[in-house]
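Chains A and B, in that order, are what the protein sequence lines are. Sequential numbering from 161 applies to the first sequence in my numbering. Sequential numbering from 161 applies to the second sequence in my numbering. Take a look at the structure below.
2 protein chains.
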Amino acid sequence: MADAQEQNTRRGPGRPRQAHVTRAVLDAVVALVAESGMNALTMDAVAARAGVSKPAMYRRWPTKQDLVIAAAESRIGPLTVPDLGDFRAELRALLLSRMESYRRPGVSRLLAGVIGAAAEAGAEPGAYRDYTLRVMSETRHLLERGVSRGDVRPDVDAETAATLVAASLAFRLVGEQRLPDEALVESVVDLIGRAVGSRP
Amino acid sequence: MADAQEQNTRRGPGRPRQAHVTRAVLDAVVALVAESGMNALTMDAVAARAGVSKPAMYRRWPTKQDLVIAAAESRIGPLTVPDLGDFRAELRALLLSRMESYRRPGVSRLLAGVIGAAAEAGAEPGAYRDYTLRVMSETRHLLERGVSRGDVRPDVDAETAATLVAASLAFRLVGEQRLPDEALVESVVDLIGRAVGSRP
């Protein structure tokens, strides 16, 4: 499964072999969760599918939670939206990129699995929260750029606005169990644009 | 654990014994998930803790998914906001009620468990989605009432707005792993009020 984002965000310090192992392992995690759910995800099953040794996996991802968060981040990770001169245009670009990621096979089940894994006994507290904050960081940046530019209200509560933006597509996918589509993106851009825009 | 909502939404056809069993079982589910996570939740553990027979449980809740959705619904279920003459006031009342539910011990882990359970192999497709839609239904109603009253734009996309409202507190709790508080509620009321309001 092609995944340029994964290669960019996860490659090690210039070792092609390491990047290949990472890619194989995270693809195997996504495929196994998509096919059979989290309960079927074992270190043995991932190692077999990826064709890597278990020690190599444990060195990188000591727990199942580490593994599923890394897999989720290989599909839905940090992104950067260039300055388009307009907050709504930038928000649309961000949400369309997320929408495409969320619509990929297995991603819905993977995200549900990450959420469930974070609530299991022994899961590292904060690992999933930190991932969420990485995913949300670009929205904060777009809001700040909009305030500087003047098309976002200077008194906007950027923290809550970023929560609404991140929550919209994620909740549609995981809570309502429907794939986010372009109509949803346009409607979120309209609602958030009205909520935070400096023009009435 | 006192829970008036649970009694209202879950009682059977006037049999006090049945209501008592329901209450004991769902309280046991919440307590077990809060203490040890979903993997520790077995029919045996729930039956022992609630002091009920397993056949009585299986008749009502054939699967673990049925059990955790019923437990979640006993804590976060349908609610009704009376006509307060003002959309923002009604939205605030709805969100404050949800906020209180979300802040109760064990609810965060329970919701994460419900999401995880819905993605497991063999989980009934649609059961969690139907629960989500029940939780969201009052927001739709408030938006429609606001359109009739005139303080919500008649061209509002009520479906997306309801997603944003439901998503805000749920994502703060489950995604960002922070308890929703009154400051969040006020900020969501402000943002959604601007997004859907008929007054600029």
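Yeah, the Cβ is synthetic: ideal placement off N, Cα and C, and Gly gets one too.
Environment of residue i [buried if 16+ CB atoms lie within 10 Å]
{"i": "Glu250/A", "result": "buried"}
{"i": "Met161/A", "result": "In this prediction, Met161/A has a pLDDT of 39, which is less than 50 and means its spatial position is unreliable; what the coordinates show is noted afterwards. Label assigned to Met161/A: exposed."}
{"i": "Ser234/B", "result": "buried"}
{"i": "Ser347/B", "result": "buried"}
{"i": "Glu304/A", "result": "exposed"}
{"i": "Pro353/A", "result": "A small correction: the amino acid at residue 353/A is Gly; Pro does not occupy that position in the sequence shown. When all chains shown are included, Gly353/A counts as buried."}
{"i": "Asn168/A", "result": "Since pLDDT at Asn168/A reaches only 44, below the 50 mark, its modelled position is unreliable, and the value read off the structure follows with that caveat. Asn168/A is exposed by the Cβ-count criterion."}
{"i": "Glu280/B", "result": "buried"}
{"i": "Arg359/A", "result": "exposed"}
{"i": "Arg252/B", "result": "buried"}
Unbroken alpha helix (DSSP H) run spanning residue i, endpoints
{"i": "Gly431/A", "result": "Residue 431/A lies beyond the stretch modelled for chain A, which goes from 161 to 360, so this question has no answer here."}
{"i": "Pro215/A", "result": "Lys214 to Arg220"}
{"i": "Ser347/A", "result": "Glu342 to Val356"}
{"i": "Glu298/B", "result": "Ala287 to Arg309"}
{"i": "Gly266/B", "result": "Run containing Gly266/B: none; DSSP gives neither H nor E here."}
{"i": "Arg359/A", "result": "No alpha helix (DSSP H) contains Arg359/A, which DSSP labels as neither H nor E."}
{"i": "Glu319/A", "result": "Ala318 to Val334"}
{"i": "Met198/B", "result": "Met198/B -> no alpha helix (DSSP H), and no H or E assigned at all."}
{"i": "Asp226/B", "result": "Lys224 to Arg235"}
{"i": "Arg209/B", "result": "Met203 to Ala210"}
Close beta carbons around residue i, own chain, < 6 angstroms, minus the five adjacent residues each side
{"i": "Gly273/A", "result": "Val193, Met198 and Val228"}
{"i": "Phe247/B", "result": "Gly306, Asp311 and Val312"}
{"i": "Ser268/B", "result": "Leu333"}
{"i": "Pro314/B", "result": "Val307"}
{"i": "Thr299/B", "result": "Ala322 and Val325"}
{"i": "Glu342/B", "result": "none"}
Neighbourhood of residue i by C-beta distance below 7 angstroms, restricted to the same chain and skipping five residues each side
{"i": "Pro242/B", "result": "none"}
{"i": "Asn283/A", "result": "Looking at the sequence itself, residue 283/A is Ala, so the reference to Asn does not match. The residues are Gln225 and Ala277."}
{"i": "Ala184/B", "result": "Ala210, Gly211 and Val212"}
{"i": "Ala207/B", "result": "Ser213, Lys214 and Met217"}
{"i": "Trp221/B", "result": "Leu227 and Ala230"}
{"i": "Ala200/A", "result": "Leu192"}
{"i": "Phe331/B", "result": "none"}
{"i": "Glu166/A", "result": "Annotation note: pLDDT 42 at Glu166/A (below 50); position unreliable, no value reported."}
{"i": "Ala205/B", "result": "Leu192"}
{"i": "Leu302/A", "result": "Val241, Phe247, Glu250, Leu251 and Leu254"}
Same chain only: Cβ atoms within 8 angstroms of residue i, ignoring 5 sequence neighbours per side
{"i": "Ile155/B", "result": "Outside the displayed span of chain B (161 to 360) sits residue 155/B, for which this structure offers no information."}
{"i": "Ile236/B", "result": "Arg258, Ser261, Tyr262, Val267, Leu271 and Val295"}
{"i": "Arg171/A", "result": "Reliability fails at Arg171/A, whose pLDDT of 46 lies under 50, so the model's placement of it is uncertain and no value is given."}
{"i": "Thr329/B", "result": "Sequence inspection shows Leu at residue 329/B; the Thr mentioned does not correspond to that position. Contacts found: Leu255, Arg258, Met259, Tyr262, Pro340, Leu344, Val345 and Val348."}
{"i": "Ser297/A", "result": "Pro238"}
{"i": "Arg244/B", "result": "The residue you asked about is not Arg; residue 244/B is Leu in the sequence shown. Once the five neighbours on either side are set aside, the close Cβ partners of Leu244/B are Glu250 and Ala253."}
{"i": "Arg219/A", "result": "none"}
Exercise. Contact between the region 292-299 of chain A and the region 330-340 of chain B: three or more CB pairs below 8 angstroms?
Worked result: Segments in contact, yes.
For this session: Please list the residues of the region 278-289 of chain B that have a C-beta atom closer than 9 angstroms to any C-beta atom in chain A, keeping them in chain order.
Result: Correct list: Ala278, Ala279, Glu280, Ala281, Gly282, Ala283, Pro285, Gly286, Tyr288 and Arg289.
Exercise. The region 250-261 of chain A: which residues have C-beta closer than 9 angstroms to a C-beta of chain B, in chain order?
Worked result: So nothing in the stretch comes that close.
For this session: Decide if the region 223-243 of chain A is in contact with the region 310-320 of chain A; the criterion is three or more beta carbon pairs, one per stretch, under 8 angstroms apart.
Result: Three or more Cβ pairs closer than 8 angstroms define a contact, and the region 223-243 of chain A falls short of that threshold against the region 310-320 of chain A.
Exercise. Given 8 angstroms as the limit, is there contact between the region 278-288 of chain B and the region 209-227 of chain B, that is, 3 or more CB pairs closer than that?
Worked result: Judged by Cβ distances under 8 angstroms, the region 278-288 of chain B makes contact with the region 209-227 of chain B, as three or more pairs qualify.
For this session: Decide if the region 257-264 of chain A is in contact with the region 182-189 of chain A; the criterion is three or more beta carbon pairs, one per stretch, under 8 angstroms apart.
Result: Because the criterion of three Cβ pairs below 8 angstroms is not met, the region 257-264 of chain A and the region 182-189 of chain A do not touch.
Problem set entry | Contacting positions in the region 317-329 of chain B - beta carbon closer than 7 angstroms to chain A | Correct list: Asp317, Thr320, Ala321, Thr323, Leu324, Ala326, Ala327 and Ser328.
Exercise. Any residues in the region 185-198 of chain A with a beta carbon nearer than 7 angstroms to a beta carbon of chain B? Which ones, in chain order?
Worked result: Under the 7 angstroms Cβ criterion, the region 185-198 of chain A contributes Ser196, Gly197 and Met198.
For this session: With 7 angstroms as the C-beta to C-beta threshold (strictly closer), list the residues of the region 235-251 of chain A near chain B in chain order.
Result: Near chain B, meaning a CB-to-CB distance below 7 angstroms, no residue of the region 235-251 of chain A qualifies.
For this session: Compile a chain-ordered list of the residues in the region 334-345 of chain B whose CB is closer than 7 angstroms to at least one CB of chain A.
Result: Within the region 334-345 of chain B, the residues whose Cβ lies closer than 7 angstroms to some Cβ of chain A are Val334, Gly335, Glu336, Gln337 and Leu344, listed in chain order.
Exercise. The region 301-312 of chain A: which residues have C-beta closer than 9 angstroms to a C-beta of chain B, in chain order?
Worked result: So nothing in the stretch comes that close.
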